[in-house]
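First up is the structure itself, then whatever we jot down about it.
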Amino acid sequence: MSTAPSSAVVGTSTAADAVPAQDLTLDVDGAPVHVTRVGSGPPVLLLHGSGPGTTGWGAWRATAEALSDRLDLVVPDQAGFGATPVPGAGRAGREVWVAQAAGVMAGLGLERYAVVGHSMGGAVALALAAAEPERVTALVGVASMGAPAPLSPGLDRLWAARPTREDARALLELLFDDAGLVTEAAVDARLAAMTAGEEAYSRLFPPPRDRWAADLALTPAELAAVRARTLFVHGAQDRVTPLPETGQVLAGLVPGSRLEVLEDCGHVPAVEHPARFRGLLTGFLLDGE
C-alpha cells in the first residue's frame, strides 16, 4: 500500500491554526482510493453513507473542518462513490469497503485509530472494529446500519433515487426532519452531486435491494465481537434507519455501548444538529464522556 506521488491542498479548516486539508490517492491492494485528510491530533477515520451523490468530503467537510484543530481526520471516498472506483471487475459491498478502510489507515501508517461511520459507513465501521479489535480504539455509529434488520422503506427509496430534480428534493425531504433545510439551493447542490456520480452509483444497489441491506447487516456474534468503546448517535425521526430497528438494536448487541437519541432529528444529525453532534463526538473521542 502506498500513497500516490502527488497530493493537493483542497481546503482549509475554519480553525486558524489547523493543517490544510490534503487531497490524496492511496493504492490499496492495487486499486486507487481517494482520501481527504485534515487536522492534527488523535487519528479518526470518517466513513460516509450510501445516498446517491455522496462523497466522503461532501458528507463530512463541515464536521472535519470544525474539529481539525483537535483531531487528525481521514475522509475516504468508499468504492463506488466520489473519486474511488470499484476495484477490478467485481462489486462493491461490505467486504470491499472494510478492506479499503483498513488499507487506507495502514497506508497512512496509522496503527490505532477511532472510526466514525454514518449510515452504511456505520455498518462498515462496526465490521472493521470486529475484524481489527487491536486497531480500532473507539467507534461512533451515526444513524448506523449494521443491525440484523430488513430493508426499510426509507432506505429503499434512498437507494432508488435517480438524478432528477424531483428525486433530489424527495431525497432531502426523506433525510431531514427539518423541512427548512430543503431549500432550492440544497436541491440544486444535491442534484448536481447525484448527476456527477450517477454512472458508478447506478451499479451499486440495483433491485432487489434487500440483498444489499442483508450484506450490511452484521450477525449478533459479529456485533458481540466489537471491543472498541462505542457510541451510537441516532435521530428520533430517522426514516432511513429507523431508531427501533437499528440504533436500539445495535446498542443492545454491542457490548458496553451507549445510545444518544437526538429529538427533532432525521437521518443526518451532523447537519440538523451540528453543535450537539460535534460536542458528542469530541466528548466521546477526546474526553471519554
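Numbering-wise (the working numbering), the sequence shown opens with residue 1 and increments by one. The C-beta atom is built at its ideal place from N, Cα and C for all residues, glycine as well. Note that this is a predicted model, so its numbers are computed, not measured.
- Message: With a threshold of 8 Å, are at least 3 pairs of Cβ atoms found where one atom belongs to the segment 75-85 and the other to the segment 40-60?
- Response: yes
- Message: Let me check one thing: in DSSP terms, what residues is residue 260 bridge-paired to?
- Response: Within the sequence shown, the letter at position 260 stands for residue 260. Note: residue 260 sits in a beta bridge opposite 233.
- With DSSP run on the structure shown, which of helix, strand or coil describes residue 21? Walking along the sequence shown from the start, residue 21 turns up at place 21. If DSSP states are grouped into helix, strand and coil, residue 21 belongs with the strands.
- Item | Outcome for residue 207 when other beta-carbon atoms lying within 10 angstroms are tallied against a minimum of 16 | One-based indexing of the sequence shown puts residue 207 at position 207. Residue 207 is exposed by the Cβ-count criterion.
- Within-7 Å CB hit, residue 185 to chain B: No chain B is present in this structure, which holds just one protein chain.
- Task: Assign residue 90 to one of two classes, buried (16 or more other C-beta atoms within 10 Å of its C-beta) or exposed (fewer than that).
- Result: If you number the sequence shown from 1, residue 90 lands on position 90. So residue 90 ends up on the exposed side.
- Query: How should residue 350 be labelled, buried or exposed, when 16 other C-beta atoms within 10 angstroms of its C-beta is the threshold for buried?
  - Reply: No statement about residue 350 is possible, as the shown extent of the chain runs from 1 to 289 and does not include it.
- Query: Nearest to residue 117 by CA position, among 47, 101, 211, 214, is which residue?
  - Reply: Locating residue 117 in the sequence shown gives position 117, where the first residue counts as 1. The residue with the shortest Cα to Cα distance from residue 117 is 47.
- Rounded to whole angstroms, how far is the Cβ of residue 284 from the Cβ of residue 75, which I believe are closer than 8 Å? Translated into positions along the sequence shown, residue 284 becomes position 284. Translated into positions along the sequence shown, residue 75 becomes position 75. With 8 Å as the limit, residue 284 and residue 75 do not qualify as a contact, their Cβ atoms being about 18 Å apart.
- residue 121 versus 41, 145, 247, residue with shortest Cα-Cα distance: Within the sequence shown, the letter at position 121 stands for residue 121. Minimum Cα distance to residue 121 is reached at 145.
- Query: Roughly how many angstroms separate the alpha carbons of residue 78 and residue 26, rounded to a whole number?
  - Reply: One-based indexing of the sequence shown puts residue 78 at position 78. One-based indexing of the sequence shown puts residue 26 at position 26. When rounded, the distance between both Cα atoms is 12 Å.
- Item | Rounded separation between residue 229 and residue 188 - CA only | Position 229 of the sequence shown, counting from 1, holds the residue named residue 229. Position 188 of the sequence shown, counting from 1, holds the residue named residue 188. Going by the C-alpha atoms only, they are around 39 Å apart.
- Query: For residue 242, is the classification buried or exposed, using 16 other Cβ atoms within 10 angstroms of its Cβ as the cut-off for buried?
  - Reply: The residue you call residue 242 lines up with position 242 of the sequence shown. Residue 242 should be labelled buried.
- Item | Own chain, CB closer than 6 Å to residue 135, minus 5 neighbours either side, in chain order | Mapped onto the sequence shown, residue 135 falls at position 135. Excluding sequence neighbours, residue 135 sits near 112.
- Query: Measuring CB to CB, does residue 28 end up less than 7 Å from residue 88?
  - Reply: What you label residue 28 is simply residue 28 of the sequence shown in a count that begins at 1. What you label residue 88 is simply residue 88 of the sequence shown in a count that begins at 1. The answer is no: Cβ separation not under 7 Å.
- Counting pairs of Cβ atoms below 8 Å between the segment 171-181 and the segment 255-272, do you hit three or more? yes
- Span of the alpha helix (DSSP H) holding residue 117? For the purposes of this step, residue 117 is taken as the residue at position 117 of the sequence shown. Premise fails: residue 117 lies in the beta strand (DSSP E), 113-118, not in any alpha helix (DSSP H).
- Message: Can you find the residues in the same chain that come closer than 6 Å, C-beta to C-beta, to residue 123, ignoring five residues on each side of it along the sequence?
- Response: Reading the sequence shown from its first residue, position 123 is the one you call residue 123. Closer than 6 Å at the Cβ level, and outside the excluded window around residue 123, lie 145, 146, 216.
- Item | Top-ranked residue by Cα proximity to residue 99, from 151, 72, 43, 32 | Working through the sequence shown from its first residue, we reach residue 99 at position 99. When each option's Cα is compared against that of residue 99, the closest is 32.
- Go through the segment 56-92 residue by residue and report every complete run of the beta strand (DSSP E) that reaches 3 residues or more, in order. 72-76
- Message: Taking 7 Å as the limit between beta carbons, can you name the residues of its chain near residue 131, skipping five residues before and five after?
- Response: Mapped onto the sequence shown, residue 131 falls at position 131. Excluding sequence neighbours, residue 131 sits near 98.
- Task: Determine which residues share a DSSP beta bridge with residue 34 and list them.
- Result: Locating residue 34 in the sequence shown gives position 34, counting from the first residue. BP columns for residue 34 point to 25.
- Message: When you compare the segment 187-204 with the segment 163-172, are there three or more beta-carbon pairs, one atom per stretch, that lie closer than 8 Å?
- Response: yes
- In whole angstroms, what separates the C-alpha of residue 236 from that of residue 258? Against the sequence shown, residue 236 aligns to sequence position 236. Against the sequence shown, residue 258 aligns to sequence position 258. When rounded, the distance between both Cα atoms is 15 Å.
- Message: Please report the distance separating the alpha-carbon of residue 6 from that of residue 107.
- Response: Reading the sequence shown from its first residue, position 6 is the one you call residue 6. Reading the sequence shown from its first residue, position 107 is the one you call residue 107. Reliability of the predicted coordinates at residue 6 is poor, the pLDDT of 34 falling under 50, and the value obtained from them is presented with this limitation in mind. So the alpha carbons of these two residues sit roughly 15 Å apart.
- Query: Between the Cα of residue 34 and the Cα atoms of 222, 95, 119, 105, which residue gives the shortest distance?
  - Reply: Locating residue 34 in the sequence shown gives position 34, where the first residue counts as 1. Selected option, being the one with the closest Cα: 105.
- Message: Let's see if you can read the secondary structure: which residues bound the alpha helix (DSSP H) around residue 221?
- Response: For the purposes of this step, residue 221 is taken as the residue at position 221 of the sequence shown. It spans 220-224 - the alpha helix (DSSP H) in which residue 221 sits, taken as one unbroken run.
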